[in-house]
Amino acid sequence: MSVKYQDQLTKWDEWIRTGHASKVRTLSRQLNHKKIPRPLLVDYAQIARRVGAPDLILLWLGPIVRSEKKMSWAATDQEKAIYGLGLFRLGAFHEAETILSEINPEIEPQVYFYRASLNMNQWNYAKAIPDLKKYIANKKVAPYQRLVGHLNLCASLVSNIKKDPKQIEYQIHKLMSQLDQADFPLLKGNLLEIRSQWLYEKGELKNALADLDKASQILRKADEQSLIYIDKWKLIIQLKDQKNSKNLVSQFDDLKKRAIDAKNWETVRDCDLQKALTLKDSNLILKVYWGSKFSAYKKRVRHLYPSLVVDNTFSWKNSDRKDLPSFNLIESAPTKTLRKLFFILLSEMYQPLRSTEIIDSLYPNEYYHPATSPARLHRLIARARKWLQENQIPVQIQAFRNAYRLKQLTTSQIILSSQMAAPKIVLPELVQQEFFRAKDWAKQKNVSERTARKQILSLVRQGLIESFVRGPKTKYRLKKN
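Counting along the sequence shown from 1, when you hit position 7 you're at 6 in numbering that gives the first Met the number 0, and nothing is skipped either side.
This is how it looks when you write it as structure tokens:
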């Protein structure tokens, strides 16, 4: 039986190498993974990684890595490592970091690369660099994988806020010398793009453009999807050379449309960033700052725009009108879990948040389960939608394939907060009364009586409000110290 699966792995590996990854992805989703021999599951998980199907990694290895039963054969470090990779590829950064920290990378060196990738995905290049250096120095790492690690090291060194010019020059030169003697066009094209960014930083604009032209010629054949990054950097370099060119700024809008069509959300974000930096548009730069949930990215924006002033709140507007109706979902939602959900959804303005990503932030101390976790989130989303509808708040929770985002349905502004502060306890009008009822709360808060009772009950449980009598005549008052 195992021979059959080994032959299948060999065939799929060949198909991926010859550009038929989509075919392998389709077949992988049709596979009955329960029949795969345990020793080969990691190899199949690696196939899922290569064809961009991290959800299959969790589905196939979850019963082993997160088994609630005592197993005669505990999860291996290899199984845990690839499972950790699947987690962070889906945005479950907290759980991925936890599981990868349990594995000794000297025994399983791929963990160095996974940990580095985890940090790079969160814009934390400074933390990625040490792991990448250890990865490429480890003798267990295969030659090609070492080149991939080296490429990521060069990218992290160039992208890190605190630059080390000597180290950047040395690592790029060393890797370029190796690639000049090998036949890995995709790696060389990517390195030329990385080097162009460094040349741009140094002010060598002509040399930077020359590298981008070379990269474009290579990647046009090897990886056409990468051309959008080449075009982006060409525009950035040209903008620095011709700062007041309105035509170039409008080209960023065109590039942004291309990126939206391609669902290349980070390029969408970067288009706004570069446009804001060029035009010194403080409103747009604030949107870029508040539009990312990653603290390392926010730090990067502050570094690029030193005069940026950030308050504890931000108004996300979809119109330039001054008299926009305002909605504070984080403060108004009736339960702590719903407030947390809205806080998470409002932390990212540029792309839908994946279900796994939302679950990881909602329940950071719980393990992700491919079946029960999405169902739990789905129920919470349904509650949130019902609350929005009951209270006539013109905001929609849009659903995509395994992802969600907020959309304003009318011209309005939504208030974002830097921290998920507790809701306002009681309105001044109610504090002045010795007792109040749910209908009084509903009137003052402009919510339904049902929602009012939920909000009050939450505060009763927190010991902030006292209740008297029971049933429809229940009275409440602010608890006195």
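A virtual CB, placed ideally from N, CA and C, is assigned to each residue, including glycine.
CA-to-CA distance, residue j to residue i, given in whole angstroms
i	j	result
C270	L254	7 Å
G90	H172	33 Å
N263	L456	43 Å
P184	L323	52 Å
I214	L146	Note that residue 214 is Ala in the sequence shown here, rather than Ile. Cα to Cα, the separation comes out at about 17 Å.
L150	E78	25 Å
N317	R476	39 Å
P36	Y113	25 Å
R375	H368	10 Å
L174	Q121	25 Å
K292	E347	6 Å
S116	K453	42 Å
I167	D240	24 Å
A261	L226	12 Å
R404	K165	43 Å
Q397	Y362	21 Å
L329	A295	One point to set straight first is that residue 329 is Ile, not Leu, in the sequence displayed. If you take the alpha carbons of I329 and A295, they lie about 23 Å apart.
I259	H93	28 Å
K256	L238	19 Å
E105	N137	8 Å
Buried or exposed by the 16-neighbour rule on C-beta atoms within 10 Å, applied to residue i
i	result
G202	exposed
Q109	buried
L408	exposed
A95	buried
D210	buried
F251	buried
D319	exposed
F399	exposed
P305	exposed
E200	exposed
Residue i at chain B interface by Cβ criterion, 7 Å
i	result
D310	Going by chain labels, chain B is absent from the structure shown, which holds only one protein chain.
C-beta contact flag for residue i and residue j at 7 Å
i	j	result
D76	I102	yes
G188	L156	no
I236	A275	no
T266	K231	yes
L152	Q177	no
R268	Y143	no
A20	V50	yes
T312	I413	no
A74	I63	yes
Y366	R65	yes
G85	L57	yes
Y4	L39	yes
K474	E465	no
Is the region 445-452 touching the region 378-396, taking contact as three or more C-beta pairs under 8 Å?
-> The way I'd put it, the region 445-452 does touch the region 378-396; three or more beta-carbon pairs between them come closer than 8 Å.
For the 8 Å Cβ check, are there 3 or more pairs between the region 158-177 and the region 116-126?
-> Cβ pair count under 8 Å is three or more, so yes.
Can we say the region 343-350 touches the region 296-303, given the rule of at least three CB pairs closer than 8 Å?
-> The region 343-350 vs the region 296-303: no contact.
Hey, which unbroken runs of the alpha helix (DSSP H) at 4 residues or more fall wholly within the region 290-317?
-> Under the rule that a run must span 4 or more residues, the alpha helix (DSSP H) segments found entirely inside the region 290-317 read 294-303.
Kindly provide the ranges of any alpha helix (DSSP H) runs that are 4 or more residues long and lie completely inside the region 36-106, ordered along the chain.
-> Within the region 36-106, complete alpha helix (DSSP H) segments of at least 4 residues are found at 40-49, 53-64, 76-88, 92-100, given in chain order.
Could you give the uninterrupted runs of the alpha helix (DSSP H) lying entirely in the region 430-456, keeping only those of 4 residues or more?
-> Taking only runs of at least 4 residues, the alpha helix (DSSP H) segments lying wholly in the region 430-456 are 437-444.
Contained alpha helix (DSSP H) runs [length at least 4] in the region 229-286, N- to C-terminal order | Within the region 229-286, the complete alpha helix (DSSP H) runs of at least 4 residues are 245-260, 264-278.
Ordered list of alpha helix (DSSP H) runs contained in the region 177-213, each at least 4 residues | Those alpha helix (DSSP H) runs which fall completely within the region 177-213 and span 4+ residues are 184-201.
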